[in-house]
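Here is the structure we will look at.
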Amino acid sequence: MTVHDRQQPAGTAPLRSRAWFGDGGKNGFITRHALRGMGRGGHNFDGRPVIGICNTYSELNPCNGHLQILSAAVKRGVLQAGGFPLEFPAMSLGEPIMRPTTMLYRNLAAMEIEEQIRANPMDAVVLLTGCDKTTPAALMGAASAGVPAIVFTGGPMLNGRFRGRHVGSGTDVWRMTEELRAGTITQEEFTEFESSLNRSAGHCMTMGTASTMACLTEALGMMVPGGSGLPAVDSRRSTLAEETGSRAVALAGSDLTPQRIMTRAAFENAIRVNAAIGGSTNAVLHLLALAGRIDVPLALDDFDRLGAELPLLVDLMPSGRFLMEEFAYAGGLPALINDLRDHLHRDTVTVTGRSLLDNCEGAEVYDREVIRPLDRPVQPAGNGTAVLRGNLAPGGAVIKQSAADPELLTHTGPALVFDSLEDYLAVAEDPALDVTADTVLVVRNTGPKGYPGMPEVGNVQLPKKLLDEGVRDMVRISDARMSGTAYGTCVLHVAPEAAVGGPLALVRTGDRVRLDVPARRLDVLVEDAELARRRAAWQPPRAHAERGWRYLYDRHVTQADTGVDLDFLRGASDSTPPRQAF
């Protein structure tokens, strides 16, 4: 068999796939004839770019349950542009279903994606994602593999509709669940609400973590313009999927790798955009981990410093009124970025080959209630994610100010401490629980190692006693995360976590705890000598697992202030084809 090579475009590197398909001997024969057995004709091996389509579809992940449809559209785009598409599955992380938390598996999914890209004949890869952790996992894996990559998310679902009003996934779930516990709505009303919330395919339509990471992926330059906002069932999303497939062919053999696109300047743009959209606190963890994969210097305090420069401009739940459908039809992220052009770095390159600002040039805002102008924000600058430090969080903690009760952002009260989530839930309904609205609720051992996996339990339900009194928020502190759809005065990501001996492990019920968000402080008002005595008596908890992934995770996961990645996965890699198999 004669192996023919197409003429490579000027200025591009040799295609990785030629190390497999271009081999005229035994190894090339084995690769080609195996694919011929799947009905792939010889023209596919003539030197055209091979585009991997990484699909996180799963019936166990409803948010990504429609990605098969979008994958077909991506393939059309690849074929139209003269590429050879090959789809492969990747671990799907379904937020509503997986236990104990998808965050336990984000790094595993990233490892799988990295190794699949590296081990196979891909010249570029399209990453089909959607639910919360699938997008950062795919970005982390592709960044580590070093092959040109482009992300396409599945898009948000349509707005929920309940009794004539819009309702949002997550945000209204938390609200309605508390009202059910308080007895202000009936079980029948709650069931009706449940059946009205998710009306289509797609991920959460609030500005939760899925929508946040989609927007930030576009802001980083890893997505075609407008790809983050359109609803999953909007036909224009399939059009963008075709465009994404076509663009992947253009990326093949180029130097537009994730490492070149996701520079320090691109991360700074993403952090500023996160402030403007009222994005999830989970973005802090994902961007820190992603930056660590490609040696971009990024620190926890950057999120506070850079985010404080911009006001909240997008009026979306949980910080505002609207949902992603309104955001998309108001102009979406391109329109917002065009508004912010004087506040963003101008020279960040994107997967289109153009700069972020060039991509968004001329994009218009069609609804100024949804995307506010800079002189009429939803909330003024400085109300985004704040980073707190103090003797209770020497490594840092975060709070989403825009979703908190402003009156609680400066608060001192007695701690009510629980060593596990289960311990708290066992008494949360007790009308005799010794708790008041001034109490600071502390739930620990919910961090990366302690739970394990750092679940979204930081916005723990309020004690039933307080709900009955009409209280709807209180200060809550944990080493956990909370859903990007959630709200409340919740101090999260306390580092170091209690399970590794962080100061959170030393707090006792009755200790006075002071939260001072304007001063960026979180302290327990206990003498240092007393804390030292408590530390001397502290015993670390037993490890959760002695085998498999959890064993590896427990011994190598980092703390929240560095992104909760595995310590041995930090640092850049490359896309050199591995040694031959035969």
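Each step along the sequence shown adds one to the number in numbering that gives the first Met the number 0, with nothing skipped, and position 169 is 168.
For glycine and all other residues, C-beta sits at the position ideal for the given N, C-alpha and C.
Entirely within the stretch 200–240 and at least 4 residues each: give me those alpha helix (DSSP H) ranges in chain order. You should have 208–219.
Whole runs of the beta strand (DSSP E) within the stretch 92–178, excluding any shorter than 3 residues: The DSSP assignment places 123–128, 148–152, 159–161, 164–166 as complete runs of the beta strand (DSSP E) inside the stretch 92–178, in order along the chain (cut-off: 3 residues).
Provide the residue span of the beta strand (DSSP E) that contains R475, from first to last. 475–477
Where do the ends of the alpha helix (DSSP H) carrying R533 lie? Where R533 is concerned, the enclosing alpha helix (DSSP H) stretches over 527–536.
What residue from S91, T101, A571, F20 has the CA that sits closest to F83's CA? F20
Hey, G201 and P230 are a contact pair by Cβ (cut 8 Å); roughly how many whole angstroms apart? 6 Å
Once the 5 residues before and after N458 are set aside, which same chain residues still bring their CB inside 8 Å of it? W173, R475, M481, S482, A485, Y486, G487, C489
Selected residue, minimal CA-CA separation from Y328, among V364, D338, R353: V364
Cβ-based neighbour list, R388, same chain, cut-off 6 Å, excluding 5 preceding and 5 following: G395
Among A528, R511, E242, A274, nearest to A414 - alpha-carbon criterion: For A414, the closest C-alpha among the options A528, R511, E242, A274 is that of R511.
Since I believe L565 is in contact with N106 (beta carbons under 8 Å), could you give me their beta-carbon distance rounded to a whole number of angstroms? 5 Å
Following the continuous beta strand (DSSP E) through H32, name the residue where it begins and the one where it ends. Premise fails: H32 lies in the alpha helix (DSSP H), 25–35, not in any beta strand (DSSP E).
What is the DSSP secondary structure of A362, counted as helix, strand or coil? coil
Alpha carbon to alpha carbon, how far is A209 from C203? Cα-Cα distance, rounded: 7 Å.
So what does DSSP say about F581, is it helix, strand or coil? Residue state, collapsed to three classes: coil.
Which residues DSSP lists as bridging V313, in chain order: Assignment of beta-bridge partners to V313 by DSSP yields I370.
Closest to T205 by C-alpha separation, out of L69, V369, L286, E113, would be which residue? V369
Quick check on DSSP: helix, strand or coil for F567? helix
Can you tell me whether Q538 is buried or exposed? The criterion is at least 16 other CB atoms within 10 Å of its CB, across all chains shown. exposed
Straight-line CA distance for V499 to F302? One C-alpha to the other measures close to 24 Å.
I'd like the list of long-range same chain contacts for E113, defined as Cβ closer than 6 Å, with 5 residues on each side in sequence excluded. G140, S143, A144
Given a cut-off of 8 Å, decide if A290 and D297 are closer than it, judged by their beta-carbon atoms. Asp is not the amino acid found at residue 297; the sequence shown has Leu there. Yes.
Measuring straight from C-alpha to C-alpha, what distance separates D22 and S237? 36 Å
Buried or exposed for V399, please, with buried defined as at least 16 other CB atoms from any protein chain shown within 10 angstroms of its CB. Just to set this straight, residue 399 is Lys in the shown sequence, not Val. Answer is buried; the Cβ neighbour count reaches 16.
Own chain residues within Cβ distance below 7 Å of L250, not counting five before or after: A123, P147, I149, V350
Under a Cβ-count criterion, where at least 16 other Cβ atoms within 10 Å of its own Cβ denotes burial, should S194 be classed as buried or exposed? exposed
Contact belief for A265 with L219 at Cβ below 8 Å, rounded distance in angstroms: 5 Å
Taking the alpha helix (DSSP H) that I50 falls in, what are its first and last residues? Per DSSP, I50 belongs to no alpha helix (DSSP H); it is in the beta strand (DSSP E), 49–54.
Spatial neighbours of G36 in its chain, beta-carbon cut-off 8 Å, leaving aside the 5 residues before and after: none
Taking one C-beta from the stretch 272–290 and one from the stretch 127–141 each time, how about it: are there three or more such pairs within less than 8 Å? yes
Beta-bridge partners of I520, as assigned by DSSP: Residue identity check: residue 520 is Arg in the sequence provided, not Ile. Answer by DSSP bridge pairing, in chain order: R388, D515.
Burial state of T1 (16 or more Cβ within 10 Å): For T1, the predicted model reports a pLDDT of 37, less than 50, meaning its position is unreliable; a value from the coordinates is still stated below. That one is exposed.
Going by C-alpha to C-alpha distance, which of T256, H32, A307, M121 sits closest to V386? Of all alpha-carbon atoms in T256, H32, A307, M121, the one lying nearest the alpha-carbon of V386 is that of A307.
Nearest-angstrom Cα separation, counted from V73 out to N337: 27 Å
Under three-state DSSP, which class holds T409? strand
Can you find the residues in the same chain that come closer than 6 Å, C-beta to C-beta, to V441, ignoring five residues on each side of it along the sequence? A414, V416, I476, V506
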